[in-house]
RNA sequence: GGCCCGUUGGAGAAGCGGUUUAACUCACUAGCCUUUCACGCUAGCAUUCAUGGGUUCGAAUCCCAUACGGGUCACCA
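What follows is the structure, given as structure tokens:
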């Protein structure tokens, strides 16, 4: 049987990194098996749906390079692919369960249910399950929800792709609602019906769904559907080992934000794929195709995946460095323009700006930060750098260089380089004792980009001002 | 609280009973390269796998307990 997997987001907001990962692994699985990847929209909670939710999900999935075989815009014969367009189907199957006595009408109001739970809690009940109060209620002319009558003494066992054998006792599951009072199915019911009808063979999802599995299994069993294979991936956690919550400020959570910061989709794809999965290769910079080739569900990890921002930056930097000049420029220009950097400068100026900072960029927008850091008005030399520059011979070197720079009309990187060399010759300074003091005097730091290029970019006025400033301390 | 799950270096992680004196990557440190910086290359960085028992000729790897961390218990998905 050919593999069919699905990603089933609810359109409640932006594409979250955790959901993106679920989508990505399903995609990897489908592509590596020559199967189909389906995107199904689970929009049964009207209150939480967001107008742009579907668009947002789909467009950022595309941005990441995750394309699908079937969805709302691409019929594969198993549609509709949006749950609110499938209500008749759910009603039909709910009726079957009702007729079979596997489901029953519940007339309890949410207030009653809440009160019931509160009371049970107070009484010290271990399991806060529905009391089955309505199980034998005669039909009434009142709105009702449909509950699934959970069988007694049944063990639900399934072999989980990542966790191995998993078991749940039916006693641990209370009679749960399958159809809400408004005739809309609940998640567990709709998902089970759809997975079966859409012939989904493998369900790869987050571990937070693992306790939903027995519910979905009992629906499938009751309806005589064949069960898919399940795999529950561990959650993504922050550095405090907490599940990534949408309110967590320490980590950027949404794909859109990474896009906006100038992260590259190929890098994001790579990084996300490494969250909870480790390919059987030493290399970590992997293209989409390589990841498809390496993908193996047996290598999904069983312990939580920690979101390592340093690693993301490293990976993205690697991809940025691999970009050709044109693409890099296309990535960076919008950020520079938006920040008003380089107004009135020519193409060559932008090219050299980009060339100077290319290797140091973790993400596109960082160019703005690096620029401001580099060109800032307040300039000072201190600490280790100041000590270095206080060594013998530095002062004559720097003042020679200063005068040469001041008296040269057209400065460019090559000219600057030869002026540095000349100054070295004239004062007997060479090697590290030539370049390092120069670097410190114009940048204040012992580390930085290529010296002549960077000096050219700084411009004559700033070079002279900084040299004077440094000289005044010697 | 019930039910599930996890715990390997500063960080991310391999490892699935025996040449593992625990891969690889990031970070860090040192050396080489480069007349500086960065890149690149090389080396160093856990005698030990949460703790305590047990099984075994042999355990990070299997079992049990404890501790810690997490997930889940909605007419949300």
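In my numbering, the protein residues as written are 208 to 681.
Glycine included, C-beta positions come from ideal geometry on N, C-alpha and C.
If you're wondering where the values come from, they're calculated on a predicted model, not measured in any experiment.
message: Three Cβ pairs or more, each shorter than 8 Å: is that satisfied between the segment 404-419 and the segment 465-483?
response: no
- prompt: Can you tell me whether DSSP reads residue 245 as helix, strand or coil?
  reply: strand
Residue 332, buried or exposed, once every other Cβ within 10 Å from all chains shown has been counted against 16: exposed
query: Any idea if residue 243 is buried or exposed, counting beta-carbon neighbours within 10 angstroms, 16 or more meaning buried?
result: buried
message: On the criterion of 16 or more Cβ atoms from any shown chain inside 10 Å, does residue 568 qualify as buried, or is it exposed?
response: buried
DSSP beta-bridge partners of residue 682: Since the displayed the chain opens at 208 and closes at 681, residue 682 lies outside it and no answer follows.
message: If contacts are defined as beta-carbon pairs under 8 Å, then residue 314 and residue 351 qualify, I think. What distance do you get, rounded to the angstrom?
response: 5 Å
- request: Confirm, please, whether the CB-CB distance from residue 463 to residue 708 is below 8 Å.
  value: Examination of residue 708 is not possible in this model, given that the chain is present from 208 through 681 alone.
Nonlocal neighbours in the same chain, by C-beta distance under 7 Å from residue 562, ignoring five residues either side: 660
message: Considering Cα atoms alone, identify which of 623, 234 and 248 is closest to residue 211.
response: 234
At least 3 beta-carbon pairs within less than 8 Å: the segment 625-636 vs the segment 538-555: no
query: Can you tell me whether DSSP reads residue 367 as helix, strand or coil?
result: strand
message: Check this for me: beta carbons of residue 295 and residue 285, under 8 Å apart or not?
response: no
- prompt: Going by DSSP, which residues form a beta bridge with residue 440?
  reply: 413
message: Please return the same chain residues whose Cβ sits closer than 7 Å to the Cβ of residue 321, not counting the five positions on each side in sequence.
response: none
message: Using only CA atoms, which one of 630, 379, 354 and 208 lies nearest to residue 390?
response: 354
query: Which value, in whole angstroms, describes the spacing of the CA atoms of residue 684 and residue 554?
result: With the chain covering 208 to 681 only, the question about residue 684 has no answer from this structure.
message: Taking 8 Å as the threshold (C-beta atoms), are residue 375 and residue 421 in contact?
response: yes
message: Contact defined as beta carbons within less than 8 Å: I believe residue 466 pairs with residue 270. What is the distance between those atoms, to the nearest angstrom?
response: 6 Å
- request: With a threshold of 16 other CB atoms inside 10 Å of the CB of residue 250, please say whether the residue is buried or exposed.
  value: buried
- prompt: How far does the beta strand (DSSP E) with residue 332 in it reach, from first residue to last?
  reply: Here residue 332 belongs to no beta strand (DSSP E), and DSSP marks it neither H nor E.
task: Could you pull out every unbroken alpha helix (DSSP H) segment of at least 4 residues lying fully inside the segment 424-487, listed in chain order?
output: 462-467 and 472-480
- request: Assuming residue 647 contacts residue 575 (C-beta within less than 8 Å), just tell me the rounded distance between them.
  value: The pair is not a contact, with the Cβ atoms about 25 Å apart (cut-off 8 Å).
- request: Select from 216, 239 and 360 the residue whose C-alpha is nearest the C-alpha of residue 252.
  value: 216
First and last residue of the uninterrupted alpha helix (DSSP H) at residue 596: 590-596
task: Buried or exposed for residue 408, please, with buried defined as at least 16 other CB atoms from any protein chain shown within 10 angstroms of its CB.
output: buried
message: Could you compute how far the alpha carbon of residue 525 sits from the alpha carbon of residue 438?
response: 32 Å
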